[in-house]
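Trainee: Going left to right, the sequence shown walks through residues 2 to 114 as our numbering numbers them. C-beta atoms are modelled at their ideal positions from N, C-alpha and C, and glycine is treated no differently. As the structure is a prediction and not an experimental result, all values here were calculated from the model.
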Amino acid sequence: MSAGVTTVPSTLAIPGLSETGRRSTGGGERRRRPPHRAVAATPERYDAAVASRQIESRPERTPVLRKAAAGLVLLAVAALVIHVAVHLIFAVFWVLVGLVAVVAVLWALNTIL
2 MSAGVTTVPS TLAIPGLSET GRRSTGGGER RRRPPHRAVA ATPERYDAAV
52 ASRQIESRPE RTPVLRKAAA GLVLLAVAAL VIHVAVHLIF AVFWVLVGLV
102 AVVAVLWALN TIL
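Quick look at the structure:
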């Protein structure tokens, strides 16, 4: 041991701190990423990239029948969702009405007998 430096016995050491008091990185030194190397954009590379991303020509507007069919599908799905939601609410309501009726009958029998 050198003069003026005190070390902490291992039984008193705080987990995660080294003997110098610095937090450990949990597995040695951190690795640094190599610097990013940019690739120069040349006109040839740009033209090749644009050419590879071109999409085949397609009609400018969606056909009217397709739009009408899509609208009908949306209406049908909306109607189905509303139908299910309304029936779910009614089901919960009638279950609650049934529970209240059973409790009322039990209370009445308890009061009479």
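Going by DSSP in three states, T63 sits in which element: helix, strand or coil?
Mentor: Three-state result, T63: coil.
Trainee: For V75, collect the residues of the same chain with a Cβ closer than 6 Å to its Cβ; drop the 5 residues on either side in sequence, then sort them by chain order.
Mentor: Before going on, a small fix: residue 75 reads as Leu here, not Val. So no residue of the chain qualifies.
Trainee: How is L76 classed by DSSP in three states: helix, strand or coil?
Mentor: L76: helix per DSSP, three-state reduction.
Trainee: To the nearest angstrom, how far is the alpha carbon of V106 from that of R67?
Mentor: If you take the alpha carbons of V106 and R67, they lie about 58 Å apart.
Trainee: Beta-carbon within less than 8 Å of P64's beta-carbon, same chain only, minus the 5 sequence neighbours each way: which residues are those?
Mentor: Taken in chain order, the list of residues that qualify is empty.
Trainee: Could you give the distance in angstroms between the alpha-carbon of N111 and the alpha-carbon of A86?
Mentor: Roughly 38 Å separates the two Cα atoms.
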